[in-house]
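Numbering (the working numbering), first residue to last: 5 to 305. Built from N, CA and C at the ideal position, the CB exists for glycine as well. One structure below.
Laid out in structure tokens, this is it:
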């Protein structure tokens, strides 16, 4: 599934509401990218401060889990929406002929107006608009910077001119709403990563562990455990399982060095058409892996 969502939307009886947005999973080569927004009436901010909220990167995994649980237990005081973008989806978007980098993906995740998803047009559900359309009176929005803050802020203000919008570096350390959102996003991503199991264990090398689980490490390219995971599971024909963002250089370098070269085309394809079709080698690899993935899924039905 390319996109998944989790909601706890509370209207808060038209009270003025603060909303913070943050993400987890921008840099890793493994797993999804997760966006979360946390929102609440202004008078509930002290309640959030009292549970020792902070930037998720400054907290241990244990403390993040504890705070995440506390927020969720106060579901009548706080609302949230979580948007998960799969590793497969991120790789697809970064291999389009008109590529989207992660900053563009993030901007679209925050300000898209449409709820439609298609393979030809990249659209992500607008977190802010979803909350507002659910009857929440959002008056302030705080966002950790993604790219140039002024550019990002102007894009948001063009859609939400009546909302006070703050876009700042380190917002997850400055504003409780963003700190809370960062914790929700980080815990969600960590849970998805640890719970992941490969559905095609007969293809990829998981050693003696045939359940499709393997110690993945943090998912970041510099983590020795993550590097070993990539080395172990890579197949020269099928590439990587779905948890891997194969558009990342760490993964694509392994494909280049250890993957089998493949060329394909229709019987009526001319030489010039073949050159045009395959001139983007990375895009070709993506199509091949996707076709193989579809065949494997079809065989398992």
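Take residue 284 and list the residues in its own chain whose beta-carbon comes closer than 6 Å to its own, dropping the five residues that flank it on each side. Working through the chain shown from its first residue, we reach residue 284 at position 280. Its pLDDT being 45, under 50, residue 284 is placed unreliably in this model, and the value from its coordinates should be taken loosely. The answer is none, since no qualifying residue turns up.
C-alpha gap between residue 257 and residue 219, whole angstroms: Here residue 257 corresponds to residue number 253 of the chain shown, with the count starting at 1. Here residue 219 corresponds to residue number 215 of the chain shown, with the count starting at 1. Taking the straight line joining both Cα atoms gives about 21 Å.
I think residue 234 touches residue 35, with their Cβ atoms under 8 Å apart; what is that distance to the nearest whole Å? The count along the chain shown starts at 1 and reaches residue 234 at position 230. The count along the chain shown starts at 1 and reaches residue 35 at position 31. That belief does not hold up - the Cβ atoms of residue 234 and residue 35 are roughly 13 Å apart, past 8 Å.
Close Cβ partners of residue 20 (< 8 Å) along its chain, the five nearest in sequence each way excluded: Residue numbering aside, residue 20 sits at position 16 when the chain shown is read from its first letter. These residues qualify, in order along the chain: 45, 46, 141, 143 and 144.
Excluding the 5 residues flanking residue 169 on each side, which residues of the same chain have their C-beta closer than 7 Å to its C-beta? Against the chain shown, residue 169 aligns to sequence position 165. Here the set comprises 145, 157, 160 and 161.
Between the Cα of residue 174 and the Cα atoms of 166, 139 and 58, which residue gives the shortest distance? Taking the first residue of the chain shown as 1, we reach residue 174 at position 170. It is 58.
Cβ distance (whole Å) where residue 73 is taken to contact residue 176 below 8 Å: The count along the chain shown starts at 1 and reaches residue 73 at position 69. The count along the chain shown starts at 1 and reaches residue 176 at position 172. Wrong, their Cβ atoms sit about 19 Å apart, outside the cutoff.
Kindly indicate the opening and closing residues of the beta strand (DSSP E) around residue 21. The residue labelled residue 21 in the question sits at position 17 within the chain shown. Run containing residue 21: 21–28, per the beta strand (DSSP E) assignment.
Using only the alpha-carbon positions, how far apart do residue 60 and residue 48 sit? Within the chain shown, residue 60 is the residue found at index 56, counting from 1. Within the chain shown, residue 48 is the residue found at index 44, counting from 1. Distance between the alpha carbons of residue 60 and residue 48 is about 20 Å.
Would residue 191 pass as a contact of residue 11 if the rule is Cβ separation under 8 Å? Start at 1 with the first residue of the chain shown, and residue 191 comes out as number 187. Start at 1 with the first residue of the chain shown, and residue 11 comes out as number 7. Not a contact, by the Cβ cut-off of 8 Å.
Is it buried or exposed, residue 260, if we count other Cβ atoms within 10 angstroms and call 16 or more buried? Counted from its first residue, the chain shown places residue 260 at position 256. When all chains shown are included, residue 260 counts as exposed.
Measure the alpha-carbon distance for residue 147 versus residue 41 and round it to whole angstroms. Against the chain shown, residue 147 aligns to sequence position 143. Against the chain shown, residue 41 aligns to sequence position 37. About 9 Å.
Within the continuous beta strand (DSSP E) that includes residue 43, where are the two ends? If you number the chain shown from 1, residue 43 lands on position 39. Per DSSP, residue 43 belongs to the beta strand (DSSP E) from 37–45.
Whole angstroms is fine: what's the gap from residue 247's alpha carbon to residue 16's? For this step, residue 247 is matched to residue 243 along the chain shown. For this step, residue 16 is matched to residue 12 along the chain shown. Going from the Cα of residue 247 to the Cα of residue 16 covers about 38 Å.
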